[in-house]
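Residue numbers (the UniProt record's numbering): 1 to 199. Cβ atoms here follow ideal geometry from the backbone N, Cα and C, with glycine treated the same way. Here the structure comes first, spelled out in C-alpha coordinates, and everything after it is commentary.
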(Lines of atoms letter the chains of each structure in order from A and count residues from 1; the text may use other names and numbers.)
(Lines give C-alpha, C1' and ligand atoms only; values in the text may rest on other atoms or scores of the structure.)
Protein backbone atom coordinates (compact mmCIF):
# COMPACT_ATOMS: atom_id res chain seq x y z
CA UNK A 1 0.00 0.00 0.00
CA UNK A 2 1.47 3.35 -1.01
CA UNK A 3 1.55 6.23 1.44
CA UNK A 4 -0.97 8.12 -0.74
CA UNK A 5 -3.58 5.38 -0.14
CA UNK A 6 -3.51 5.80 3.65
CA UNK A 7 -6.77 7.40 4.82
CA UNK A 8 -6.90 10.33 7.22
CA UNK A 9 -9.39 8.56 9.52
CA UNK A 10 -9.91 4.92 10.42
CA UNK A 11 -12.22 2.62 12.37
CA UNK A 12 -11.28 1.85 15.96
CA UNK A 13 -12.59 0.69 19.31
CA UNK A 14 -12.43 3.54 21.84
CA UNK A 15 -13.39 4.30 25.40
CA UNK A 16 -14.23 7.76 26.70
CA UNK A 17 -15.03 6.76 30.26
CA UNK A 18 -13.76 4.18 32.73
CA UNK A 19 -15.82 1.14 33.72
CA UNK A 20 -16.61 -2.36 32.47
CA UNK A 21 -15.25 -3.00 29.00
CA UNK A 22 -18.66 -4.12 27.74
CA UNK A 23 -20.19 -0.82 28.91
CA UNK A 24 -17.60 1.72 27.74
CA UNK A 25 -15.82 0.25 24.70
CA UNK A 26 -17.48 1.66 21.57
CA UNK A 27 -16.84 1.36 17.83
CA UNK A 28 -15.92 4.66 16.14
CA UNK A 29 -15.41 5.10 12.40
CA UNK A 30 -13.80 8.55 12.57
CA UNK A 31 -10.61 8.20 14.60
CA UNK A 32 -7.66 10.05 13.03
CA UNK A 33 -4.92 7.83 11.61
CA UNK A 34 -1.84 8.56 13.75
CA UNK A 35 0.94 10.73 12.36
CA UNK A 36 4.29 8.98 12.68
CA UNK A 37 7.48 10.44 14.15
CA UNK A 38 10.92 10.02 12.57
CA UNK A 39 11.62 6.80 14.52
CA UNK A 40 8.17 5.25 13.99
CA UNK A 41 6.33 3.15 11.44
CA UNK A 42 2.66 3.16 10.56
CA UNK A 43 1.15 -0.32 10.71
CA UNK A 44 -1.97 -1.56 8.93
CA UNK A 45 -3.29 -3.72 11.76
CA UNK A 46 -4.14 -7.31 10.82
CA UNK A 47 -4.41 -8.71 14.37
CA UNK A 48 -4.42 -7.19 17.83
CA UNK A 49 -4.68 -8.68 21.30
CA UNK A 50 -6.11 -7.33 24.52
CA UNK A 51 -4.39 -8.47 27.68
CA UNK A 52 -5.22 -8.01 31.37
CA UNK A 53 -3.34 -4.69 31.51
CA UNK A 54 -5.60 -3.27 28.77
CA UNK A 55 -8.72 -4.35 30.66
CA UNK A 56 -7.40 -2.80 33.87
CA UNK A 57 -6.71 0.47 32.04
CA UNK A 58 -10.27 0.50 30.66
CA UNK A 59 -11.57 -0.07 34.21
CA UNK A 60 -9.59 3.01 35.30
CA UNK A 61 -6.89 1.32 37.35
CA UNK A 62 -4.10 3.36 35.71
CA UNK A 63 -6.08 6.46 34.76
CA UNK A 64 -3.58 8.80 36.42
CA UNK A 65 -1.10 7.60 33.77
CA UNK A 66 -3.52 7.74 30.82
CA UNK A 67 -3.86 10.59 28.36
CA UNK A 68 -7.28 12.23 28.32
CA UNK A 69 -10.02 10.11 26.69
CA UNK A 70 -11.09 9.05 24.14
CA UNK A 71 -8.46 6.31 24.07
CA UNK A 72 -7.94 3.45 21.61
CA UNK A 73 -6.86 0.52 23.84
CA UNK A 74 -4.38 -2.28 23.32
CA UNK A 75 -0.65 -2.62 22.78
CA UNK A 76 -0.06 -6.09 21.27
CA UNK A 77 -0.20 -5.94 17.47
CA UNK A 78 0.76 -7.63 14.22
CA UNK A 79 0.37 -6.15 10.78
CA UNK A 80 1.95 -4.71 7.67
CA UNK A 81 4.17 -1.62 7.59
CA UNK A 82 2.57 1.00 5.31
CA UNK A 83 4.77 4.02 6.09
CA UNK A 84 8.20 4.52 7.69
CA UNK A 85 9.73 7.50 9.46
CA UNK A 86 12.92 9.07 8.11
CA UNK A 87 15.14 7.48 10.80
CA UNK A 88 13.71 3.94 10.53
CA UNK A 89 16.38 1.45 9.36
CA UNK A 90 15.02 -2.07 10.06
CA UNK A 91 11.71 -1.98 8.23
CA UNK A 92 10.42 -1.16 4.77
CA UNK A 93 6.89 -0.66 3.50
CA UNK A 94 5.23 -4.03 2.96
CA UNK A 95 6.98 -6.10 5.65
CA UNK A 96 5.02 -7.92 8.35
CA UNK A 97 5.87 -6.92 11.92
CA UNK A 98 4.65 -7.57 15.45
CA UNK A 99 5.29 -6.10 18.87
CA UNK A 100 4.11 -4.35 22.00
CA UNK A 101 3.68 -0.71 21.01
CA UNK A 102 3.89 0.61 24.59
CA UNK A 103 7.48 0.38 25.76
CA UNK A 104 6.73 2.23 29.01
CA UNK A 105 2.96 2.42 29.32
CA UNK A 106 2.97 4.52 32.51
CA UNK A 107 5.67 6.95 31.36
CA UNK A 108 4.63 7.30 27.72
CA UNK A 109 0.94 6.36 27.53
CA UNK A 110 -0.53 5.94 24.07
CA UNK A 111 -3.79 7.63 23.16
CA UNK A 112 -4.05 5.60 19.94
CA UNK A 113 -3.50 1.91 20.70
CA UNK A 114 -3.88 -1.11 18.43
CA UNK A 115 -7.64 -1.81 18.31
CA UNK A 116 -7.80 0.20 15.10
CA UNK A 117 -7.15 -0.21 11.41
CA UNK A 118 -3.85 1.68 11.75
CA UNK A 119 -1.42 2.27 14.60
CA UNK A 120 1.97 3.91 14.99
CA UNK A 121 4.90 2.29 16.79
CA UNK A 122 8.55 3.01 17.42
CA UNK A 123 10.92 0.87 15.38
CA UNK A 124 12.64 -0.38 18.55
CA UNK A 125 9.49 -2.08 19.94
CA UNK A 126 8.80 -4.13 16.80
CA UNK A 127 10.26 -7.24 15.20
CA UNK A 128 9.88 -8.88 11.82
CA UNK A 129 7.18 -11.55 11.98
CA UNK A 130 8.71 -15.02 11.51
CA UNK A 131 7.42 -16.89 8.45
CA UNK A 132 6.29 -19.87 10.55
CA UNK A 133 3.98 -17.75 12.74
CA UNK A 134 0.67 -16.29 11.55
CA UNK A 135 -0.15 -12.64 12.17
CA UNK A 136 -2.85 -13.71 14.64
CA UNK A 137 -0.37 -15.87 16.57
CA UNK A 138 2.22 -13.08 16.50
CA UNK A 139 -0.23 -10.55 17.98
CA UNK A 140 -0.83 -12.86 20.95
CA UNK A 141 2.82 -12.99 21.98
CA UNK A 142 4.39 -9.61 22.88
CA UNK A 143 3.36 -8.68 26.43
CA UNK A 144 3.01 -12.28 27.63
CA UNK A 145 6.44 -13.33 26.38
CA UNK A 146 8.02 -10.09 27.66
CA UNK A 147 6.55 -10.79 31.10
CA UNK A 148 7.86 -14.37 31.17
CA UNK A 149 11.30 -13.37 29.89
CA UNK A 150 11.65 -10.51 32.38
CA UNK A 151 10.69 -12.84 35.23
CA UNK A 152 13.53 -15.20 34.31
CA UNK A 153 15.99 -12.31 34.06
CA UNK A 154 14.99 -11.07 37.52
CA UNK A 155 15.23 -14.61 38.93
CA UNK A 156 18.59 -15.05 37.14
CA UNK A 157 17.55 -18.40 35.70
CA UNK A 158 20.50 -20.11 34.03
CA UNK A 159 21.19 -23.31 32.15
CA UNK A 160 20.96 -26.48 34.22
CA UNK A 161 18.71 -25.05 36.94
CA UNK A 162 15.25 -26.38 37.77
CA UNK A 163 12.20 -24.14 37.91
CA UNK A 164 8.58 -24.31 39.08
CA UNK A 165 6.17 -22.20 37.02
CA UNK A 166 2.93 -21.31 38.79
CA UNK A 167 -0.02 -21.00 36.42
CA UNK A 168 1.56 -22.96 33.60
CA UNK A 169 -1.69 -23.15 31.60
CA UNK A 170 -2.12 -19.38 31.20
CA UNK A 171 -0.79 -17.09 28.50
CA UNK A 172 2.38 -16.12 30.37
CA UNK A 173 2.78 -19.59 31.87
CA UNK A 174 2.69 -21.50 28.58
CA UNK A 175 5.32 -19.17 27.13
CA UNK A 176 7.39 -19.34 30.34
CA UNK A 177 7.58 -23.13 30.06
CA UNK A 178 8.94 -22.88 26.50
CA UNK A 179 11.40 -20.09 27.35
CA UNK A 180 12.68 -21.89 30.45
CA UNK A 181 13.43 -25.06 28.52
CA UNK A 182 14.50 -23.80 25.09
CA UNK A 183 16.01 -20.35 25.73
CA UNK A 184 17.29 -20.40 29.31
CA UNK A 185 18.23 -24.11 29.27
CA UNK A 186 16.48 -25.20 32.46
CA UNK A 187 17.13 -28.88 33.19
CA UNK A 188 13.71 -29.47 34.77
CA UNK A 189 10.55 -27.44 34.30
CA UNK A 190 7.54 -28.17 36.51
CA UNK A 191 4.27 -26.26 36.33
CA UNK A 192 1.06 -25.92 38.30
CA UNK A 193 -2.42 -25.29 37.00
CA UNK A 194 -5.87 -24.76 38.41
CA UNK A 195 -8.48 -27.53 38.48
CA UNK A 196 -10.58 -25.11 36.44
CA UNK A 197 -8.26 -25.81 33.50
CA UNK A 198 -8.86 -29.57 33.56
CA UNK A 199 -11.84 -31.05 31.72
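If you draw a straight line from the Cα of residue 44 to the Cα of residue 178, it is about 30 Å long. Annotation: the continuous alpha helix (DSSP H) that includes residue 57 extends over 52 to 58. From the listed residues 54, 62 and 72, the smallest Cα separation to residue 11 is found for 72. Per DSSP, the continuous alpha helix (DSSP H) segment holding residue 174 begins and ends at 171 to 182.
Secondary structure of residue 17 (DSSP, three-state): coil. In terms of CA proximity to residue 169, 194 leads the group 151, 33 and 194. Annotation for residue 158: 184 and 185 place their beta carbon closer than 8 Å to its own, counting only its chain and skipping 5 residues before and after.
Within the same chain, and ignoring the five residues on either side of residue 83 in sequence, the residues whose Cβ sits closer than 7 Å to its Cβ are 3, 6, 36, 41, 42 and 93.
Assigned with DSSP and collapsed to three states, residue 67 falls in coil, not helix or strand. From the listed residues 160, 109, 130 and 136, the smallest Cα separation to residue 53 is found for 109. Residue 14 is positioned such that its CB atom lies closer than 8 Å to that of residue 70. Counting the other CB atoms within 10 Å of its CB gives residue 130 a total below 16, which places it among the exposed residues.
Under DSSP, the beta-bridge partners assigned to residue 99 are 77 and 126.
By the neighbour-count criterion, in which 16 or more other beta carbons inside 10 Å mark a residue as buried, residue 76 falls on the buried side.
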